[in-house]
Amino acid sequence: MKQKDPDLLLMHAPLLRQGMTTPGAMRDVIYALTPVTLAALWFFGLGALLVLGASIAGAVLTEWFFALAQKRGESLLDASAILTGLLLGLTLPPGLPIWMAFLGGVVAIGLGKVIWGGLGHNLFNPALLGRAFLLATFPIPMTTWTPLRGSESFFHVSASNLALPFMQAKVDMVSSASPLGLMKFEQEVTPLTNLMFGNTLGSLGETSGVLLLLGGIYLWIRRDLDWRIPVSIMLAVVVFSGCLTLVDAVRFPSPLFSIFSGGLLLGAIYMATDPVTSPLTPRGTWIFGIGIGALVVLIRVFGGLPEGVMYAILLMNAATPLIDRYTQPRIFGR
Amino acid sequence: MSEDKTPDAPAVSSTRLVLTLALAGLISGVAIIGIYEATLPTITINKARELREAVFKVVPGVTRMQKLVYKNGELVSTTETEKDEEPIYGGYDDEGGFIGYAIPGAGPGFQDVIGLLYGYKPDQKLVIGMEILESRETPGLGDKIYKDAEFVANFKELSVEPEIVTVKKGQKSEPNEVDIITGASISSKAVVRIINETHTVWSTRLPQPGSEPLMTESEKTVDEAK
Amino acid sequence: MAENQNESYETFFRGIWRDNPVFVQVLGMCPMLAVTNSAINAVAMGMATLFVLVGSSFLVSSFKQWIPKQVRISAFIIIIATFVTVADYTLLALVPKVHKELGAFIPLIVANCMILGRQEAFASRNTVRLAVLDAMGMAGGFMVALFSLGAIREILGNGSLFGVDLFGEHFEPWVIMILPPGGFLTLGLILLFFNWVTQQKDKFIEQVAEAERVASDG
Numbered sequence: 001m002k003q004k005d006p007d008l009l010l011m012h013a014p015l016l017r018q019g020m021t022t023p024g025a026m027r028d029v030i031y032a033l034t035p036v037t038l039a040a041l042w043f044f045g046l047g048a049l050l051v052l053g054a055s056i057a058g059a060v061l062t063e064w065f066f067a068l069a070q071k072r073g074e075s076l077l078d079a080s081a082i083l084t085g086l087l088l089g090l091t092l093p094p095g096l097p098i099w100m101a102f103l104g105g106v107v108a109i110g111l112g113k114v115i116w117g118g119l120g121h122n123l124f125n126p127a128l129l130g131r132a133f134l135l136a137t138f139p140i141p142m143t144t145w146t147p148l149r150g151s152e153s154f155f156h157v158s159a160s161n162l163a164l165p166f167m168q169a170k171v172d173m174v175s176s177a178s179p180l181g182l183m184k185f186e187q188e189v190t191p192l193t194n195l196m197f198g199n200t201l202g203s204l205g206e207t208s209g210v211l212l213l214l215g216g217i218y219l220w221i222r223r224d225l226d227w228r229i230p231v232s233i234m235l236a237v238v239v240f241s242g243c244l245t246l247v248d249a250v251r252f253p254s255p256l257f258s259i260f261s262g263g264l265l266l267g268a269i270y271m272a273t274d275p276v277t278s279p280l281t282p283r284g285t286w287i288f289g290i291g292i293g294a295l296v297v298l299i300r301v302f303g304g305l306p307e308g309v310m311y312a313i314l315l316m317n318a319a320t321p322l323i324d325r326y327t328q329p330r331i332f333g334r
Numbered sequence: 001m002s003e004d005k006t007p008d009a010p011a012v013s014s015t016r017l018v019l020t021l022a023l024a025g026l027i028s029g030v031a032i033i034g035i036y037e038a039t040l041p042t043i044t045i046n047k048a049r050e051l052r053e054a055v056f057k058v059v060p061g062v063t064r065m066q067k068l069v070y071k072n073g074e075l076v077s078t079t080e081t082e083k084d085e086e087p088i089y090g091g092y093d094d095e096g097g098f099i100g101y102a103i104p105g106a107g108p109g110f111q112d113v114i115g116l117l118y119g120y121k122p123d124q125k126l127v128i129g130m131e132i133l134e135s136r137e138t139p140g141l142g143d144k145i146y147k148d149a150e151f152v153a154n155f156k157e158l159s160v161e162p163e164i165v166t167v168k169k170g171q172k173s174e175p176n177e178v179d180i181i182t183g184a185s186i187s188s189k190a191v192v193r194i195i196n197e198t199h200t201v202w203s204t205r206l207p208q209p210g211s212e213p214l215m216t217e218s219e220k221t222v223d224e225a226k
Numbered sequence: 001m002a003e004n005q006n007e008s009y010e011t012f013f014r015g016i017w018r019d020n021p022v023f024v025q026v027l028g029m030c031p032m033l034a035v036t037n038s039a040i041n042a043v044a045m046g047m048a049t050l051f052v053l054v055g056s057s058f059l060v061s062s063f064k065q066w067i068p069k070q071v072r073i074s075a076f077i078i079i080i081a082t083f084v085t086v087a088d089y090t091l092l093a094l095v096p097k098v099h100k101e102l103g104a105f106i107p108l109i110v111a112n113c114m115i116l117g118r119q120e121a122f123a124s125r126n127t128v129r130l131a132v133l134d135a136m137g138m139a140g141g142f143m144v145a146l147f148s149l150g151a152i153r154e155i156l157g158n159g160s161l162f163g164v165d166l167f168g169e170h171f172e173p174w175v176i177m178i179l180p181p182g183g184f185l186t187l188g189l190i191l192l193f194f195n196w197v198t199q200q201k202d203k204f205i206e207q208v209a210e211a212e213r214v215a216s217d218g
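Residue numbers (the numbering used here), protein chains in the order written: chain A, 1 to 334; chain B, 1 to 226; chain C, 1 to 218.
Okay, here's the thing in structure tokens:
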């Protein structure tokens, strides 16, 4: 807040006041995600809109239902449910049946947030919890990547999106492997420019690295984001994957590939930085970020799955209370 | 044992404590032996039938079988169960003509040990059938190694020379290739690896095609135990 | 006589709902979570537990005068273990497929604290008739819990109930439901629902009492 006449101001500490509120911060994150969302629409057509809409609807309806049951309406106003739904939607594959996306939204809010006591009490990032549930429940649809479509067939909705509730996705697409899958199972490297500008297969929000970074910079300027977390995650990924590349450049991907492929940027900028589920102290955030980066490389390279960002963040979410406990600043004078 | 003592009475001689437990143990032991003896025949028959069914499935056309063990450098038929033996099963038709072997194998899968039985025709060096006996693979994914008929069909006529290799789904073109299951590549590769490893062990032990052990008459007893 | 019947009724139904061993006492969690991935496994486990619990309650209650207090736990365990072994061999002989699925969890019935708990808390202090009724009620409640968990997990995780297909071949199974996490999730949700119902009931009773007080005051 800008004070026009500082000479006449009389107040006691804290003197620095910020006009930052929870709904404001949530709205900022949604603004920051707008370019990525539009890019998802551009690359995957109307189907992307359906998936995003379904996951947002699932999240908001669940929030609304529990708000009614507990007779508190205010939690709807802070837009956090919309953000959870949007983030979840961006981590989903474009050809996912919309009933699964809806279910993911319900689980994200129901099991990820409400059951812990609402916003600010949850241990895990709700959107990632919803995704983890979906991945464990529907492993095949969640790892089937639709090819890019481009603008000419914008209004084409793939039949798999419209599968009836509880029914299988009709396979109308030639499924292909994501860049990470190609790297892991075929040792095939996707060109970096494709990864940066979004010309690859993947979840809705993880195709375009540059747009994700732009949103991150906007959030950093608006002071909605602790820059230490994404920076430490990326540093850790660069260092660890750099070491591995030095050992064997064919088997292990290069650091830049590691950063721009998969959900790393989306996770590092928008999910790991969730203020509720990340440590409070600066020292803690460094530990948190480095832990995520190391786990990502570990899971991607040595695990059974091609992608590990989600599990890395969820695991470090679980470690957050512990980190907070051990990184308390010393009380002055002791 | 005196019956007039109530449970509330704390002073009980230790002899009585020991006696009570000994009696309880004795009765319990008798009951357990009783049920063991009573159920043993059914259990044995069940197990034998399960094995027969599996053998008949992996070696089509078989009507009789016998247990074979590798002893002192040759394959001999046996009916006794010995410790540490690694039996395989010979499948024969009604006239006692040899059809193929059923060879059990085991190895680590995605979750736990996968145990399987595969049929093998030595003259053509072909795997002619495969049945999973034991597996704890992920339901819905890894369990397709026995639930997915297309995958099992890979093993109906599969050459083991030089060795079985896995290819992506739909790309099977050579007789020694197996289509892996999408989403369960680890489990399907494990099956192939187990067969390859077991084959390496047994290929040197099996006799020349044409000189397989003959069907012995004593084996009829297992036949009748249907 | 009427009072006696009332007591029997009370003893039997207590285990099914008000003191349900799973939903209220939260006992026997190991078989509860481990074998409920299909309805048939759940029911088989329920039947085995029923047999063991009723049998051992009957014996413990019959011989309670002869079992010295100092060795009662050992004696109970011997009795329970005998019944468990009998159940193990019987299942192996009669339904080998189910026995294979239940695997190590049949011998583990002996460690189900619900069973030992009933001997200690009820059968060793009550008449044979009441002990058997109590055992049947508790095992019934356990079976209800196992079945509801098994049915939910099998329907969502496999699209079938008792192996009968419910949704046709295009059903998309919820893989997580058959895996261990599905057991924890479903049990948690059922407990949530059970506690919510109890809470609503208490609230309703309170309201009625309040209304009655107001009415009598006025």
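Think of the CB as a built atom: it goes at the ideal place given N, C-alpha and C, for glycine as much as any other residue.
- Counting contacts by CB-CB distance shorter than 8 Å, is Gln70 of chain A in contact with chain C? no
- Task: Quick one: residues in its chain with C-beta nearer than 7 Å to the C-beta of Trp174 of chain C, no 5 flanking neighbours on either side, listed in chain order?
- Result: Leu156, Gly157
- Which residues in chain C sit within 8 Å of Ala136 of chain A, going by Cβ to Cβ distance? Val175, Ile176, Leu179, Pro181
- Would you say Ser13 of chain B touches the ligand ADP, meaning its beta carbon is less than 7 Å from a heavy atom? For the ligand ADP, the structure offers nothing, since it holds no ligand at all.
- Task: Return helix, strand or coil for Cys30 of chain C, following the three-state DSSP convention.
- Result: helix
- Give the straight-line distance between the Cα atoms of Asn41 of chain C and Val250 of chain A, rounded to the nearest whole angstrom. 48 Å
- Message: Taking the alpha-carbon of Thr285 of chain A as reference, which of A:Asp226, A:Ala294, A:Glu206 has the nearest alpha-carbon?
- Response: A:Asp226
- Task: Give every residue of the same chain whose Cβ lies closer than 6 Å to the Cβ of Asp143 of chain B, excluding the five residues on either side of it in the sequence, and list them in chain order.
- Result: Glu137
- Where does Ala102 of chain B fall in DSSP's three states? strand
- So, is Thr93 of chain B buried or exposed, given that buried needs 16 or more other C-beta atoms within 10 angstroms? In the sequence under discussion, the amino acid at residue 93 of chain B is Asp, which differs from the Thr named in the question. Exposed is the call here.
- State the Cα-Cα distance for the pair Leu51 of chain B and Gly129 of chain B, rounded to the nearest angstrom. 14 Å
- Query: Quick one: is Glu206 of chain A buried, meaning 16 or more other Cβ sit within 10 Å of its Cβ, or exposed?
  - Reply: buried
- How many angstroms separate the CA atom of Ile33 of chain B from the CA atom of Leu40 of chain B? 10 Å
- Item | Alpha carbon of Thr90 of chain C to alpha carbon of Thr273 of chain A, nearest angstrom | 57 Å
- Task: Compare the C-alpha of Phe43 of chain A against each of A:Leu90, A:Ile30, A:Gly104 and name the closest.
- Result: A:Leu90
- How would you write the range of the beta strand (DSSP E) that Gln66 of chain B sits in, first residue to last? 64-71
- Counting only the same chain and skipping the five closest in sequence on each side, list residues whose C-beta sits under 7 Å from that of Val54 of chain C. Val132, Ala135, Met136, Ala139
- Listed in chain order, which residues of the region 97-121 of chain C have Cβ atoms closer than 7 Å to some Cβ of chain A? none
- Task: Just mark Leu92 of chain A as buried or exposed, buried being the case when its beta carbon has 16 or more other beta carbons within 10 Å.
- Result: buried
- Message: Going by DSSP, what residue range makes up the beta strand (DSSP E) through Gly293 of chain A?
- Response: No beta strand (DSSP E) holds Gly293 of chain A; the alpha helix (DSSP H) holding it covers 282-302.
- Item | Burial state of Arg213 of chain C, where buried means 16 or more other Cβ atoms lie within 10 Å | exposed
- Task: List the residues that DSSP assigns as beta-bridge partners of Lys121 of chain B.
- Result: B:Leu126
- Message: Give me the chain A residues within the contact set of Phe171 of chain C, using Cβ-Cβ distance strictly less than 9 Å, ordered along the chain.
- Response: Phe166, Met167, Gln168
- Message: Just to confirm my understanding: we take Ile77 of chain C, look at its own chain, exclude 5 residues before and 5 after, and list those with CB closer than 6 Å. What are they?
- Response: none
- Message: On the DSSP letters alone, give me the boundaries of the alpha helix (DSSP H) that Gly183 of chain C sits inside.
- Response: 180-217
- Please check if any C-beta of chain C sits within less than 8 Å of the C-beta of Arg52 of chain B. no
- Query: Along chain C, in chain order, which residues have C-beta atoms closer than 8 Å to that of Gly25 of chain B?
  - Reply: Ile78
- Task: Give the single residue among C:Asp202, C:Lys97, C:Leu191, C:Cys113 whose Cα lies nearest to the Cα of Asn46 of chain B.
- Result: C:Lys97
- Contacts around Thr182 of chain B, its chain only, beta-carbon distance under 8 Å, and the 5 residues preceding and following it disregarded: Lys169
- Using a Cβ-Cβ cut-off of 6 Å (strictly less than) and excluding sequence neighbours within five positions of Lys121 of chain B, which residues of its own chain qualify? Gly100, Ile128
- Query: Out of curiosity, what's the CA-to-CA distance linking Ser248 of chain C and Thr20 of chain B?
  - Reply: Since the first residue shown for chain C is 1 and the last is 218, residue 248 of chain C is missing from the structure and cannot be characterised.
- Could you work out which residues of chain A lie near Phe167 of chain C, taking near to mean beta carbons separated by less than 8 Å? Phe166, Met167
- Phe133 of chain A versus chain C: which residues are under 8 Å apart at the beta carbon? Ile176
- Message: So, under 8 Å CB-CB, Thr186 of chain C and Ile152 of chain C are touching, yes? Tell me the CB distance rounded to an integer number of Å.
- Response: 5 Å
- Query: If we cut at 8 Å on Cβ distances, does Ile186 of chain B have a partner in chain C?
  - Reply: no
- Task: Determine, using beta carbons only, whether Ala127 of chain A and Thr84 of chain A come nearer to each other than 8 Å.
- Result: yes
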